[in-house]
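Heads up, the thing below is written out as structure tokens.
Put into structure tokens, the structure is as follows:
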């Protein structure tokens, strides 16, 4: 390969980060919601039926 322009070697990491960042943000946001641990303590069955997780 001759010389690589910055766009060529920046593209795969940029695409990877663009796909990975929303997943990480949603995971961190889901972990920081106060409802999640509270539901685990009180009643998981009510939580399941309320959200229709089949």
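Residue numbers (the numbering used here): 985 to 1038. Note that the Cβ used here is the ideal one computed from N, Cα and C, for glycine as well.
Consult DSSP for residue i and reduce its assignment to one of helix, strand or coil.
i	result
residue 1010	helix
Looking only at its own chain, which residues have a Cβ that is under 8 angstroms from the Cβ of residue i, when we skip the five neighbours before and after it?
i	result
residue 992	none
Can you tell me the Cα-Cα spacing of residue i and residue j, whole angstroms?
i	j	result
residue 995	residue 1006	18 angstroms
residue 998	residue 1011	20 angstroms
residue 1000	residue 1014	21 angstroms
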